[in-house]
Amino acid sequence: MSLIDTRIPDPKKFIKGTTGDWEIVLGLEVHAQVTSQSKLFSGASTAFGGEQNNHVSFIDAAMPGMLPVINEECVRQAVRTGLGLKAQINNTSVFDRKNYFYPDLPQGYQISQFKQPIVGEGKIILDMKDGEQVEIGVERLHLEQDAGKSMHDQHPSMSFVDLNRSGVALMEIVSKPDLRSSEEVRTYLTKLRAILRYLGTCDGNMEQGSMRADINVSVRKPGGGFGIRCEIKNVNSMRFAVAAIEYEARRQIAILEDGGVIDQETRLFDASKGETRSMRSKEEAHDYRYFPDPDLLPLEFDQAFVDSLAHDLPELPDEKRERFINALGLTPYDAGVLVAEKETADFFEEVAEGRDAKLAANWVINDLLGALNKAGKTIEESLVSAEQLGGIVDLIKADTISGKIAKDVFEIVYNEGGDPAEIVESRGMKQVTDLGAIETAVDEVMAANPDKIEQVRAKPNMLGWFVGQVMKATGGKANPQAVNKLLKEKIGLE
Ligand code: ADP
Ligand code: MG
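The sequence shown begins at 2 in the numbering used here and counts up by one.
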């Protein structure tokens with residue numbers, strides 16, 4: 002790969018060393034398990050958590066003479082992912098054997114793609130917290146087999162091998178070295194995961210290992226050439242990715258500032274110590290002796306196949322975000338929060354259907370997501386349905402309840418369930434719009450505070466104090482606009 006620098010050094014992302022500023026350069030290789038019923042080259046099940054060695058065909062166990070047959074669904078999923086990454090789709094690609102010995106690799110080689118991957122260059126757009134947009138290049142996406150799993154903790158003197166994962170289809174998605182901070186990597190992984198989940202091509206479950214990242218880290222003086230990189234293998238959480246990068250960058254800076262050189266090596270992140278440690282150096286690197294797998298013809302499909310998959314692609318996070326901003330009038334920030342997970346976007350759209358979208362967005366983001374976050378629940382586990390939240394929005398819009406009372410209604414629905422309109426009715430929470438009743442409250446508050454009236458006349462922005470008193474006197478149920486208007490009239494601020 003020829004390395005091209007696409008980024009302008011950004012001082013906000015520099016790390017301070019004893020000799021001055023340093024810039025981190027990062028590139029990711031993400032392994033994503035393809036969502037499919039069966040494996041890449043066999044009909045065995047891909048289900049997670051089965052009895053050991055129960056999802057293993059003769060092909061996955063590498064019995065002599067067995068022939069791999071490509072699973073068309075996996076090809077479809079890889080092409081769909083490529084389209085989602087706005088990438089070049091290669092109508093001809095080649096499967097190669099990557100040769101190495103490992104007890105959990107019975108074939109003695111992994112079938113992968115080397116020189117001619119199924120998907121070429123693409124991109125992922127990152128929306129950073131401060132509003133900055135960053136485009137990260139995707140170098141390639143290729144299909145390959147997963148290996149089995151060795152288990153060394155089952156018996157005092159023996160190791161076991163579970164081949165359930167052997168032959169499961171993985172997509173390896175390789176980025177260009179375009180990332181410049183741990184925060185960008187976290188955002189990249191989050192965005193990639195969202196795209197895969199919107200597409201339904203990978204469930205993105207990092208704890209179960211269906212998505213894991215190899216993180217390449219190097220450092221350099223800002224504006225300098227690319228430094229020597231280390232690769233941190235198999236990082237399986239966003240939090241670990243950030244911690245590993247922060248540690249590794251500082252380790253490299255300390256070596257360089259000490260006059261040393263970086264060994265190009267593969268490292269592992271030890272989550273319990275928060276450190277990376279060496280696994281193998283480049284000198285020990287494998288020579289995989291890649292060659293085209295003679296059991297498989299080149300993979301070929303026509304443009305019509307690609308076009309029909311493109312036609313049926315769902316709306317993806319970027320397009321959804323644009324629509325939320327342009328058609329629904331949401332702020333870029335709110336739109337970004339709502340599209341981050343497909344389930345959240347779907348929930349919001351159900352609430353917003355036929356309603357004030359901005360108000361709906363506020364309630365989903367501030368109240369619902371806030372409450373769920375506190376309770377450690379996902380939106381799928383929400384105790385308030387879209388219909389219930391929509392009901393609350395309707396009551397606010399109809400001026401039946403104020404925004405303040407709506408918070409109380411939300412609490413009740415969240416904790417006890419029920420229909421918001423019925424709750425408001427049966428608990429007497431309706432907003433008082435009866436001007437007579439409001440006027441009485443206004444008169445009482447004014448009569449009790451003659452000194453304050455003088456002050457407000459001198460300083461009209463003190464009116465808020467009076468509004469507060471009247472709201473208090475009416476148990477928060479008076480219509481605030483009506484209170485405001487009446488007070489201004491009576492005090493003579495109009
Ligand atoms: P390999 O297969 O040997 O790991 P690749 O050329 O495929 O090598 O690169 C793997 C990853 O390393 C890519 O994501 C790439 O962006 C990243 N990378 C390459 N050079 C650097 C560098 N100097 N610093 C950080 N990342 C790098
Ligand atoms: Mg690598």
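The beta carbon of each residue, even a glycine, is placed where N, CA and C say it ideally should be.
Nothing here was measured: the structure is a model prediction, and the numbers come from that model.
Open item on the list: For residue 317, which residues in the same chain have their Cβ closer than 8 angstroms to its Cβ, ignoring the five residues on either side in sequence?
Closed with: Mapped onto the sequence shown, residue 317 falls at position 316. Once the five neighbours on either side are set aside, the close Cβ partners of residue 317 are 85, 196, 199, 200.
TODO: Specify the secondary structure class of residue 213 as computed by DSSP and reduced to three states.
DONE: Position 212 of the sequence shown, counting from 1, holds the residue named residue 213. In this structure, residue 213 counts as strand in the three-state DSSP scheme.
Task: When 308, 312, 337, 306 are compared against residue 321, the one with the closest alpha-carbon - done: The count along the sequence shown starts at 1 and reaches residue 321 at position 320. Among 308, 312, 337, 306, the Cα nearest to that of residue 321 belongs to 337.
Task: For residue 143, three-class secondary structure by DSSP - done: Mapped onto the sequence shown, residue 143 falls at position 142. Strand.
Open item on the list: Can you tell me where the beta strand (DSSP E) holding residue 231 begins and where it ends?
Closed with: Counting from 1 along the sequence shown, the entry for residue 231 is found at position 230. 231-236 is the span of the beta strand (DSSP E), which, as asked, contains residue 231.
Task: Cβ neighbour criterion (16 or more within 10 Å) applied to residue 32 - done: By 1-based counting over the sequence shown, the position of residue 32 is 31. Residue 32 is buried by the Cβ-count criterion.
Open item on the list: residue 62 and residue 171 - do their beta-carbons sit closer together than 7 angstroms?
Closed with: The count along the sequence shown starts at 1 and reaches residue 171 at position 170. The count along the sequence shown starts at 1 and reaches residue 62 at position 61. Cβ atoms of residue 171 and residue 62: not closer than 7 angstroms.
Open item on the list: What I want to know is whether the C-beta of residue 208 ends up closer than 6 angstroms to one or more non-hydrogen atoms of the ligand ADP.
Closed with: Numbered from 1 along the sequence shown, position 207 holds the residue referred to as residue 208. For the ligand ADP, not one heavy atom lies less than 6 angstroms from the Cβ of residue 208.
Open item on the list: Within 10 Å of its beta-carbon, does residue 9 have 16 or more other beta-carbons around it, so buried, or fewer, so exposed?
Closed with: Along the sequence shown, read from residue 1 onward, the residue named residue 9 stands at position 8. Exposed, by the Cβ-count rule.
Open item on the list: With a threshold of 8 angstroms on Cβ separation, who are the neighbours of residue 366 within its own chain once the five nearest residues in sequence on each side are excluded?
Closed with: Translated into the one-based positions of the sequence shown, residue 366 becomes position 365. Cβ within range, chain order: 335, 338, 339.
- [ ] Please classify residue 194: is it buried, with 16 or more other beta-carbons within 10 angstroms of its beta-carbon, or exposed?
- [x] As a working note, residue 194 is residue 193 in the sequence shown. Buried: at least 16 other Cβ atoms inside 10 Å.
Open item on the list: Could you check whether the Cβ of residue 28 sits closer than 6 angstroms to any heavy atom belonging to the ligand ADP?
Closed with: In the sequence shown, counting from the first residue as 1, residue 28 sits at position 27. Yes - the ligand ADP has a heavy atom lying nearer than 6 angstroms to the Cβ of residue 28.
Open item on the list: Cutting at 8 angstroms between CB atoms, please list the residues of its own chain near residue 277, excluding the five before and the five after it.
Closed with: Along the sequence shown, one-based indexing puts residue 277 at 276. If we look at residue 277 and ignore the five residues flanking it on each side, its Cβ neighbours are 231, 233, 245, 248, 249, 252, 268, 269, 270, 271.
- [ ] Check the C-beta distance from residue 183 over to residue 243 and give it rounded, since I have them as a contact under 8 angstroms.
- [x] Residue mapping note: residue 183 aligns to position 182 of the sequence shown, counting from 1. Residue mapping note: residue 243 aligns to position 242 of the sequence shown, counting from 1. Sure, about 4 angstroms apart at Cβ, within 8 angstroms.
Task: DSSP bridge partner residues for residue 163 (one or two, in chain order) - done: Indexing the sequence shown from 1 puts residue 163 at position 162. In DSSP, residue 163 forms a bridge with 150.
Open item on the list: Here's the rule: buried if 16 or more other CB atoms are within 10 angstroms of the residue's CB, otherwise exposed. What is residue 427?
Closed with: Stepping through the sequence shown from its first residue, residue 427 is reached at position 426. So residue 427 counts as exposed.
Task: Spatial neighbours of residue 134 in its chain, beta-carbon cut-off 8 angstroms, leaving aside the 5 residues before and after - done: Position 133 of the sequence shown, counting from 1, holds the residue named residue 134. The residues are 126, 127, 128.
Task: Through-space distance from residue 174 to residue 116, alpha-carbon basis - done: To locate residue 116, count along the sequence shown from 1; it is residue 115. To locate residue 174, count along the sequence shown from 1; it is residue 173. So the two alpha carbons sit approximately 14 angstroms from each other.
Task: Buried or exposed (CB count within 10 angstroms, at least 16 for buried), residue 315 - done: Locating residue 315 in the sequence shown gives position 314, where the first residue counts as 1. The residue in question, residue 315, is exposed, as its Cβ has fewer than 16 Cβ neighbours within 10 Å.
Open item on the list: I'd like to check one pair, residue 100 with residue 290: are the Cβ atoms closer than 7 angstroms?
Closed with: One-based indexing of the sequence shown puts residue 290 at position 289. One-based indexing of the sequence shown puts residue 100 at position 99. Closer than 7 angstroms, so yes.
Task: Reference residue 429; option with closest CA among 467, 22, 477 - done: Counting from one through the sequence shown, the residue named residue 429 turns up at place 428. Residue 477 is the option with its Cα nearest to residue 429.
Task: Counted within 10 angstroms of its Cβ, other Cβ atoms place residue 296 as buried (16 or more) or exposed - done: Taking the first residue of the sequence shown as position 1, residue 296 is located at position 295. Exposed: under 16 other Cβ atoms inside 10 Å.
- [ ] Closer than 8 angstroms by C-beta to residue 432: which residues in its own chain qualify, once you throw out the five before and the five after it? Chain order, please.
- [x] The residue you call residue 432 lines up with position 431 of the sequence shown. The residues are 400, 401, 402, 403, 406, 478, 479, 480.
TODO: Answer with buried or exposed for residue 140, where buried requires no fewer than 16 other C-beta atoms within 10 angstroms of its C-beta.
DONE: Sequence index remark: in the sequence shown, residue 140 carries index 139 (1-based). Result: buried.
Open item on the list: Please tell me whether, using a cut-off of 6 angstroms, the distance from the CB of residue 217 to the nearest non-hydrogen atom of the ligand ADP is below it.
Closed with: Here residue 217 corresponds to residue number 216 of the sequence shown, with the count starting at 1. Correct: residue 217 has its Cβ closer than 6 angstroms to the ligand ADP.
- [ ] May I have the straight-line CA-CA distance separating residue 370 from residue 299, to the nearest angstrom?
- [x] One-based indexing of the sequence shown puts residue 370 at position 369. One-based indexing of the sequence shown puts residue 299 at position 298. Cα to Cα, residue 370 sits roughly 48 angstroms from residue 299.
Open item on the list: Can you look up residue 83 in the DSSP assignment and give me helix, strand or coil?
Closed with: Numbered from 1 along the sequence shown, position 82 holds the residue referred to as residue 83. If DSSP states are grouped into helix, strand and coil, residue 83 belongs with the helices.
Task: Cβ-based burial, residue 178 [other Cβ within 10 Å; buried from 16] - done: On the sequence shown, position 177 is the one that residue 178 refers to. The residue in question, residue 178, is buried, as its Cβ has 16 or more Cβ neighbours within 10 Å.
- [ ] Per DSSP, which residues does residue 172 bridge with? Please list them.
- [x] Start at 1 with the first residue of the sequence shown, and residue 172 comes out as number 171. BP columns for residue 172 point to 33, 144.
TODO: Evaluate residue 158 with the Cβ neighbour count: other Cβ atoms within 10 Å of its Cβ, from every protein chain shown; 16 or more gives buried, anything less gives exposed.
DONE: Here the question's residue 158 lines up with position 157 in the sequence shown. Label assigned to residue 158: exposed.
TODO: Thinking residue 36 and residue 147 are a contact (beta carbons under 8 angstroms), I'd like their distance in whole angstroms, please.
DONE: Your numbering for residue 36 matches position 35 in the sequence shown. Your numbering for residue 147 matches position 146 in the sequence shown. Not quite, the Cβ-Cβ distance comes to about 13 angstroms (not below 8 angstroms), so this is no contact.
- [ ] Report yes if the C-beta of residue 177 is less than 6 angstroms from at least one heavy atom of the ligand ADP; otherwise report no.
- [x] Locating residue 177 in the sequence shown gives position 176, counting from the first residue. Yes, Cβ of residue 177 sits closer than 6 angstroms to a heavy atom of the ligand ADP.
- [ ] Please state whether DSSP places residue 18 in a helix, a strand or coil.
- [x] Translated into positions along the sequence shown, residue 18 becomes position 17. Strand.
TODO: Look up residue 110 in the DSSP assignment and give the residues it is bridged to.
DONE: To locate residue 110, count along the sequence shown from 1; it is residue 109. DSSP output for residue 110 lists 100 as bridge partner(s).
TODO: Could you tell me if residue 279 is buried or exposed, where buried requires 16 or more neighbouring beta carbons within 10 angstroms of its beta carbon?
DONE: Residue 279 sits at position 278 when you count from the first residue of the sequence shown. Label assigned to residue 279: exposed.
Open item on the list: What does DSSP give as the partner residue(s) for residue 134 in the beta ladder?
Closed with: Position 133 of the sequence shown, counted from the start, is the residue given in the question as residue 134. Bridge partners of residue 134: 128.
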